[in-house]
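J.: Just dropping this structure here.
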Amino acid sequence: MAEVAPQFKNLSLSVDGVDLSVAVVQGPGDPELAPIVCLHGFGSSKEDYYDFAHHSPFQDRPFLAYDAPGCGETECSDLSRISIPFLVRTAEAVLDRVGITTFHLIGHSMGGLTALYLAHKHPDRVRSFVDIEGNLAPGTGGLLPQSTDYHARRSAAAPLTILPRFHPTNPTVPCVFQCVVRVESAAQGASRGGAGYL
Numbered sequence: 354m355a356e357v358a359p360q361f362k363n364l365s366l367s368v369d370g371v372d373l374s375v376a377v378v379q380g381p382g383d384p385e386l387a388p389i390v391c392l393h394g395f396g397s398s399k400e401d402y403y404d405f406a407h408h409s410p411f412q413d414r415p416f417l418a419y420d421a422p423g424c425g426e427t428e429c430s431d432l433s434r435i436s437i438p439f440l441v442r443t444a445e446a447v448l449d450r451v452g453i454t455t456f457h458l459i460g461h462s463m464g465g466l467t468a469l470y471l472a473h474k475h476p477d478r479v480r481s482f483v484d485i486e487g488n489l490a491p492g493t494g495g496l497l498p499q500s501t502d503y504h505a506r507r508s509a510a511a512p513l514t515i516l517p518r519f520h521p522t523n524p525t526v527p528c529v530f531q532c533v534v535r536v537e538s539a540a541q542g543a544s545r546g547g548a549g550y551l
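Mapping of the sequence shown onto this note's numbering: residues 354 to 551, in sequence order.
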């Protein structure tokens, strides 16, 4: 099969009443082969997987990668709604829109956790699953405990003071991270008998 360049496009979707314009890259490949679906990690993008099309073992294999809500070029009408279950429903909506029924699944970090839930929910659709440094426990990969220990005496909202370290030029990154921080802080507060930060 001759090499065909991956195609970039945007999909207009509504997930749980939230309007999305999902930025997608899709490599066509052989339609007889199950595609590889790639879910990126926190703060990453679909471009992390763009090189699939250029490696000879994958040249005939269709693939799909997209920017999760709050990341890359995907637009989201309500960033406060982002959660792992929301990301799973977004993945389902993207797959349904492009007509992918069965696939090989790769997830990295936050995408690994999303992929794990997706595979659990649809075992009949997932032919194989690769979890790259997936967070099998909700959280920030240890970042939040370091921050909360340091700032615990200052404020319940102290974890949010670390946001400028991430990607200060992309306003959506802090929003996504705030969602993760709120969930983990609430869980930590509840485990200590407190109300947590919501």
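For each residue, glycine too, the CB sits at the ideal point set by N, CA and C.
Please give the ranges of any beta strand (DSSP E) in the stretch 411-435, keeping only runs that are unbroken, at least 3 residues long and fully inside the region.
T.: Those beta strand (DSSP E) runs which fall completely within the stretch 411-435 and span 3+ residues are 416-419.
J.: On a Cα-Cα basis, can you pick out the residue from S374, L386 and F416 that is closest to Q360?
T.: Looking at the Cα atoms, F416 is the closest of the given residues.
J.: Do you know how far the Cα of T454 is from the Cα of G423?
T.: Going from the Cα of G423 to the Cα of T454 covers about 25 Å.
J.: May I ask you to report which of helix, strand or coil DSSP gives L448?
T.: Correct three-state label for L448: helix.
J.: Within a Cβ cutoff of 7 Å, which residues of the same chain sit near S365, ignoring the five residues on either side of it in sequence?
T.: Once the five neighbours on either side are set aside, the close Cβ partners of S365 are S374.
J.: Could you name the residues that DSSP lists as bridge partners for I485?
T.: Note: I485 sits in a beta bridge opposite H461.
J.: Since D372 sits in a beta bridge, which residues does DSSP pair it with?
T.: D372 is bridged to S367.
J.: Given this structure, state the Cα-to-Cα distance separating G487 from P476, to the nearest angstrom.
T.: Each residue's alpha carbon lies about 18 Å from the other.
J.: Using 8 Å as the Cβ pair cut-off and three pairs as the minimum, do the stretch 462-474 and the stretch 384-393 touch?
T.: Yes: at least three Cβ pairs fall under 8 Å.
J.: Near D413, which residues of its chain fall below 7 Å by C-beta distance, leaving aside the five closest residues on each side in sequence?
T.: Contacts found: M354, G382, D383 and L386.
J.: Hey, quick one: how far does the beta strand (DSSP E) through I453 stretch, first residue to last?
T.: From DSSP, I453 is part of no beta strand (DSSP E); its letter is neither H nor E.
J.: In chain order, what residues of the same chain have a beta carbon less than 6 Å from the beta carbon of K362, not counting five sequence neighbours either side?
T.: Same-chain partners within the cutoff: V377.
J.: Closer than 8 Å by C-beta to V447: which residues in its own chain qualify, once you throw out the five before and the five after it? Chain order, please.
T.: For V447, where only same-chain residues beyond five positions count, the Cβ hits under 8 Å are L364, L366, V375, V377, L417 and Y419.
J.: For F405, which three-state DSSP category applies?
T.: Residue state, collapsed to three classes: helix.
J.: Mind checking which residues open and close the beta strand (DSSP E) that includes L392?
T.: That run of the beta strand (DSSP E) goes I389 to L392.
J.: Going straight from the alpha carbon of L440 to that of G460, what length do you get?
T.: So the alpha carbons of these two residues sit roughly 12 Å apart.
J.: Indicate whether D369 and R442 have their beta-carbon atoms separated by less than 8 Å.
T.: The answer is yes: Cβ separation under 8 Å.
J.: Going straight from the alpha carbon of D484 to that of S462, what length do you get?
T.: Looking at the two C-alpha atoms, the distance is approximately 8 Å.
J.: Can you check which of these residues, G396, Q379, F482 and S398, is closest to H457 by C-alpha distance?
T.: For the residues G396, Q379, F482 and S398, the minimum Cα distance to H457 belongs to F482.
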